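Asks:
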Amino acid sequence: MFGKKYFIPFVVLGDPTVEDSTKIIKGLIKNGANALELGFAFSDPIADGPIIQKANNRSLANKITTAKAFEIIKEVRKGSKIPISAMLSYNLVYKYGTENFYKKCKELKVDAVLCPDVPLEESEELVKYSKKYKIAQVFLVSPTTTKERMKQLNKVCSGYVYLVSLLGTTGTRTEISERVPELIKLTKKEMKLPVYVGFGISKPEHVKNILALGADGAICGSAFCKLIEENLTDKKAMVEKMEKFCKEMSKATKK
Amino acid sequence: MGKENESTKFGQFGGLFVPEMMVPAQKELNEAFTKYASDKEFKKELDYLLKEFAGRPTRLYYAENMSKDLGFKVYLKREDLLHSGAHKINNTLGQGLLAKRMGKKEVIAETGAGQHGVATAMAGALLKIPVKVFMGEVDVERQKLNVYRMKLFGAEVIPVTSGSRTLKDAVNEALRYYLTNVETCYYLIGSVVGPHPYPKIVQHFQKIIGKETKEQILEKEKRLPTAVVACVGGGSNSIGIFDAFLKDKEVKLIGVEAGGNGLKHGKTLGEGSVGIFQGSKSYVLQTKDGQIEEAHSISAGLDYPGVGPIHSYLKDTGRATYESATDNEAINAVRYLSKMEGILPALESAHAIAYVTKNKSKFKKEDIVIICLSGRGDKDVNQLIEVE
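So the sequence lines, in the order shown, correspond to chains G and F.
Numbering-wise (my numbering), the first sequence opens with residue 1 and increments by one.
Numbering-wise (my numbering), the second sequence opens with residue 256 and increments by one.
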């Protein structure tokens with residue numbers, strides 16, 4: 001289900017509103033997204049830079065809840081079978097009830113769950129329910145992850161590996177980190193899963209370069225959230241620009 | 256779960272809920288801490304600084320007028336007499352030395368009212384390590400004097416514009432900066448909060464408060480106190496003074512949270528629920544869905560929606576109890592102690608005073624109550640004038 005040469009857009013569910021968000025996600029699917037990473041808004045996300053923090057806040061300002069976020073997924077699922085990955089801070093899963101959360105994911109055919117603030121050391125509970133409900137549990141690999149640690153992660157990670165291309169928070173960058181080529185190679189070798197690279201991917205040439213280095217896909221979030229931020233007064237233009245950008249990014253996987 | 260006693264946790268609380276990028280750094284920190292916590296040279300150097308620079312040991316003062324007024328013996332642990340005016344310096348000297356031993360190039364800290372920021376800036380100046388302090392924009396505006404003090408000590412103050420622009424957001428920003436510069440930067444956290452091993456590190460450097468207190472009370476009274484009372488924000492002064500008494504089951508340990516203004520408050524243990532916030536599992540003020548709520552207290556040091564995991568553990572096991580005092584009660588307690596004893600307490604510490612005065616009927620004539628006077632109140636004078 002999580003394949004090669006993938007382009008994976010990330011948006012926050014309910015950003016800027018539930019209605020717009022549903023429209024945006026459907027548009028991304030029509031314009032070349034091979035899979036989706038959908039974020040559940042949280043008030044205090046520690047791994048997110050300013051752009052995605054604002055996306056979280058817009059969604060929260062419009063009274064998003066975990067239940068409403070699931071409703072958007074349900075609506076999107078009606079028309080598409082592409083892999084969907086839920087990305088969220090652990091507290092939201094915990095408060096929903098960890099088992100209930102995975103059960104709901106199963107019901108809505110969510111393919112994977114990723115909690116960026118749950119490392120290997122704290123993953124027992126999540127891995128248990130991901131196995132029970134047959135949902136992939138995705139983990140991060142970063143420039144500080146050693147080979148030994150990858151071997152450990154390999155035992156619990158499923159679906160795909162989210163390779164963080166740089167030390168820091170999410171956000172658009174002009175260049176991707178120089179450690180990435182080696183890191184991709186090592187991750188591919190140690191973990192027998194598709195490797196998708198995220199953090200700092202904001203241009204078609206980033207996608208092209210990342211795939212040329214051996215990655216199986218590229219994840220792009222902040223650039224999409226920024227398009228929402230910049231076009232809040234013209235929702236039609238917002239959706240169009242996001243669709244156009246998605247198409248360009250997706251095209252870059254085929255070059 | 257079956258893993259309740261593993262060392263990153265206090266019962267079910269605590270843990271290491273951080274992104275992958277930070278995990279190796281936290282392990283490195285834990286190794287360095289474990290090594291130096293028992294290192295003779297390190298201890299000698301820290302003891303020297305605590306004594307000669309910070310002014311330890313602090314007095315355990317018999318508050319005679321207050322004792323007469325309330326009808327039982329009251330002692331004050333005078334952390335307010337420390338250099339910097341609060342207990343925060345115990346921790347910043349300890350962690351500052353640790354950062355230095357680890358060869359880190361810069362130290363960052365979060366601050367609310369500015370007390371921890373100032374104590375970190377002082378330690379940075381003393382130990383010659385550059386310091387950046389993250390401070391919510393709202394607090395920068397409210398605490399101009401402390402901002403200036405930090406700058407005098409050579410620290411850079413970075414206003415935080417995200418979220419509610421207060422302490423919790425300063426912690427978020429410090430964590431994000433740390434994520435980005437994890438290999439060269441030391442995050443010197445100011446309370447027993449955050450991911451493992453911070454709660455243990457800060458408790459370790461603050462437990463000197465309780466150690467001295469126990470020795471002093473045994474010398475003065477030849478017996479243990481009936482109760483030890485301290486204010487709780489993140490919970491560093493309280494765990495500092497509780498630590499030595501944890502095994503003395505006959506000593507009541509009472510933490511006092513911010514009761515706020517009737518609408519909003521900082522009663523994390525009193526009214527919060529269990530969640531995962533800023534790297535650890537603990538009680539937290541949050542919505543049913545798990546969104547973090549804003550706290551409120553007249554004292555910036557208690558204005559925080561989280562609390563150290565050790566306190567969640569002590570609450571659930573019943574070893575400590577957690578009460579609260581309101582903004583107004585704290586203000587009155589500042590006035591009370593100032594007039595009664597000639598001691599001006601910080602608004603934070605005044606919550607502990609307020610608890611004791613309003614609950615005087617709960618204590619008997621022969622009881623001994625120790626209150627941790629975690630800081631002095633000079634910093635709050637402007638705020639008190641505004642309230643008048």
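Note that the Cβ used here is the ideal one computed from N, Cα and C, for glycine as well.
Computed from a predicted model, the values in this text were never measured in an experiment.
1) I need the straight-line Cα distance from Val487(F) to Val562(F), nearest angstrom please.
2) Report yes or no: is there a C-beta of chain F within less than 8 Å of the C-beta of Leu60(G)?
3) Kindly indicate which three-state DSSP category Gly214(G) falls into: helix, strand or coil?
4) Among Ala252(G), Phe139(G), Glu240(G) and Thr187(G), which residue has its Cα nearest to the Cα of Ala218(G)?
5) Are there three or more Cβ pairs, one per stretch, closer than 8 Å when the region 525-533 of chain F is compared with the region 96-112 of chain G?
6) Closer than 8 Å is the cut-off here; do at least three beta carbon pairs connect the region 455-472 of chain F with the region 583-597 of chain F?
7) Counting pairs of Cβ atoms below 8 Å between the region 273-282 of chain F and the region 139-150 of chain G, do you hit three or more?
8) Does Gly372(F) pass the burial test, meaning 16 or more other C-beta atoms within 10 Å, or should it be called exposed?
9) What does Val278(F) touch in chain G if you count any residue whose Cβ is under 9 Å from its own?
10) I'd like to know if Leu434(F) contacts chain G, where contact means its C-beta is closer than 8 Å to some C-beta of that chain.
11) Quick one: is Leu353(F) buried, meaning 16 or more other Cβ sit within 10 Å of its Cβ, or exposed?
12) Any Cβ of chain G within less than 8 Å of the Cβ of Lys567(F)?
13) Please report whether the beta-carbon of Tyr196(G) lies at a distance below 8 Å from any beta-carbon of chain F.
14) Verify whether the separation of the beta carbon atoms of Ser552(F) and Gly490(F) is less than 8 Å.
15) Quick check on Leu163(G): buried or exposed, where buried means 16 or more other Cβ atoms within 10 Å of its Cβ?
16) Looking at chain G, is there any beta carbon in it that lies within less than 8 Å of the beta carbon of Gln533(F)?
17) Can you grab the Cα-Cα spacing for the pair Gly214(G) / Lys185(G), in whole Å?
18) I'd like the list of long-range same chain contacts for Phe408(F), defined as Cβ closer than 6 Å, with 5 residues on each side in sequence excluded.
19) Using a Cβ-Cβ cutoff of less than 7 Å, which residues in the same chain neighbour Ile531(F) once the five nearest sequence positions on both sides are dropped?
20) When you compare only the Cα positions, how much space is there between Gly14(G) and Ala86(G)?
21) Residue range of the beta strand (DSSP E) that Pro414(F) falls in?
22) The region 214-242 of chain G: which residues have C-beta closer than 9 Å to a C-beta of chain F, in chain order?
23) Taking beta-carbon pairs under 9 Å, can you tell me which members of the region 24-50 of chain G lie near chain F?
24) Are the C-beta atoms of Asp544(F) and some chain G residue less than 8 Å apart?
25) Return the residues of the region 92-107 of chain G that lie within a Cβ-Cβ distance of less than 9 Å from chain F, sorted by chain order.
26) Below 8 Å between beta carbons: does that hold for Gly534(F) and Ala575(F)?
27) Could you give the residue range of the alpha helix (DSSP H) that holds Gly379(F)?
28) Kindly list the residues whose CB is nearer than 6 Å to the CB of Pro564(F), restricted to its own chain and excluding five residues on each side of it in sequence; keep chain order.
29) Can you pull out the residues from the region 159-183 of chain G whose beta carbon lies closer than 7 Å to at least one beta carbon of chain F?
30) Looking only at C-alpha atoms, which of Leu140(G), Thr233(G) and Pro45(G) sits nearest to Gly545(F)?
31) Does Ala47(G) come out as helix, strand or coil in the three-state DSSP assignment?
32) Using a C-beta cutoff of 8 Å, does Gln53(G) count as contacting chain F?
33) Residues of chain F with a CB under 8 Å from the CB of Tyr90(G): which are they?
34) Please list, in chain order, the residues of the region 64-75 of chain G that have any C-beta partner in chain A closer than 7 Å.
35) Beta-carbon within less than 6 Å of Ala368(F)'s beta-carbon, same chain only, minus the 5 sequence neighbours each way: which residues are those?
36) Within 10 angstroms of its Cβ, does Gly49(G) collect 16 or more other Cβ (buried), or is it exposed?
Replies: In terms of the structure at hand:
1) Translated into the one-based positions of the second sequence, residue 487(F) becomes position 232. Translated into the one-based positions of the second sequence, residue 562(F) becomes position 307. Going from the Cα of Val487(F) to the Cα of Val562(F) covers about 8 Å.
2) The residue you call residue 60(G) lines up with position 60 of the first sequence. It does; some Cβ of chain F falls within 8 Å.
3) Working through the first sequence from its first residue, we reach residue 214(G) at position 214. Three-state DSSP puts Gly214(G) in coil, outside helix and strand.
4) As a working mapping, residue 218(G) is identified with position 218 in the first sequence. Comparing Cα-Cα distances from Ala218(G) to each of Ala252(G), Phe139(G), Glu240(G) and Thr187(G), the minimum goes to Ala252(G).
5) no
6) no
7) yes
8) Residue mapping note: residue 372(F) aligns to position 117 of the second sequence, counting from 1. The residue in question, Gly372(F), is buried, as its Cβ has 16 or more Cβ neighbours within 10 Å.
9) Start at 1 with the first residue of the second sequence, and residue 278(F) comes out as number 23. In chain order: Pro119, Leu120, Glu121, Ser142, Thr144, Thr145 and Arg149.
10) For the purposes of this step, residue 434(F) is identified with residue 179 of the second sequence, where counting begins at 1. Yes, contact with chain G.
11) Here residue 353(F) refers to the residue found at position 98 when the second sequence is read from its first residue. Classification of Leu353(F): buried, given that the 10 Å Cβ count is 16 or more.
12) Along the second sequence, one-based indexing puts residue 567(F) at 312. Just to set this straight, residue 567(F) is Ser in the shown sequence, not Lys. Not closer than 8 Å to any Cβ of chain G, the Cβ of Ser567(F) fails to qualify, so no.
13) What you label residue 196(G) is simply residue 196 of the first sequence in a count that begins at 1. No, Tyr196(G) does not count as interfacial toward chain F.
14) The residue labelled residue 552(F) in the question sits at position 297 within the second sequence. The residue labelled residue 490(F) in the question sits at position 235 within the second sequence. Going by C-beta atoms, Ser552(F) is not nearer than 8 Å to Gly490(F).
15) Here residue 163(G) is taken as the residue at index 163 of the first sequence, counted from 1. Its Cβ being crowded by 16 or more others within 10 Å, Leu163(G) is buried.
16) Position 278 of the second sequence, counting from 1, holds the residue named residue 533(F). True, the Cβ-Cβ gap to chain G drops below 8 Å.
17) For the purposes of this step, residue 214(G) is identified with residue 214 of the first sequence, where counting begins at 1. For the purposes of this step, residue 185(G) is identified with residue 185 of the first sequence, where counting begins at 1. Cα to Cα, the separation comes out at about 7 Å.
18) For the purposes of this step, residue 408(F) is identified with residue 153 of the second sequence, where counting begins at 1. These residues qualify, in order along the chain: Ala376, Met377 and Ala380.
19) In the second sequence, residue 531(F) corresponds to position 276, counting from 1. Contacts found: Phe272.
20) As a working mapping, residue 14(G) is identified with position 14 in the first sequence. As a working mapping, residue 86(G) is identified with position 86 in the first sequence. Cα to Cα, the separation comes out at about 13 Å.
21) Position 159 of the second sequence, counting from 1, holds the residue named residue 414(F). Its beta strand (DSSP E) spans residues Glu411 to Val415.
22) none
23) Ala41, Phe42, Ser43, Asp44, Pro45, Ile46, Ala47, Asp48, Gly49 and Pro50
24) In the second sequence, the residue the question calls residue 544(F) occupies position 289. Answer yes: the Cβ-Cβ gap between Asp544(F) and chain G drops below 8 Å somewhere.
25) Leu92, Val93, Tyr94, Lys95 and Tyr96
26) Sequence index remark: in the second sequence, residue 534(F) carries index 279 (1-based). Sequence index remark: in the second sequence, residue 575(F) carries index 320 (1-based). No, the Cβ-Cβ distance between Gly534(F) and Ala575(F) is not below 8 Å.
27) As a position in the second sequence, residue 379(F) is number 124, starting the count at 1. First-last of the alpha helix (DSSP H) with Gly379(F): Gln370 to Leu382.
28) The count along the second sequence starts at 1 and reaches residue 564(F) at position 309. If we look at Pro564(F) and ignore the five residues flanking it on each side, its Cβ neighbours are Phe265, Phe268, Gly269, Pro454, Ser535 and Ser537.
29) Val164, Leu167, Gly168 and Thr169
30) Within the second sequence, residue 545(F) is the residue found at index 290, counting from 1. Checked all of Leu140(G), Thr233(G) and Pro45(G); the closest Cα to Gly545(F) is Pro45(G).
31) Here residue 47(G) is taken as the residue at index 47 of the first sequence, counted from 1. If DSSP states are grouped into helix, strand and coil, Ala47(G) belongs with coil.
32) If you number the first sequence from 1, residue 53(G) lands on position 53. Yes, because at least one Cβ of chain F sits closer than 8 Å to the Cβ of Gln53(G).
33) Walking along the first sequence from the start, residue 90(G) turns up at place 90. The contacting residues are Phe272 and Ile531.
34) Absent from the structure is chain A; the protein chains it does hold are G and F.
35) Along the second sequence, one-based indexing puts residue 368(F) at 113. Counting only Cβ-Cβ distances below 6 Å, and skipping sequence neighbours, we find Gln398, Ala555 and Gly556.
36) The residue given as residue 49(G) occupies position 49 in the first sequence. Buried, by the Cβ-count rule.
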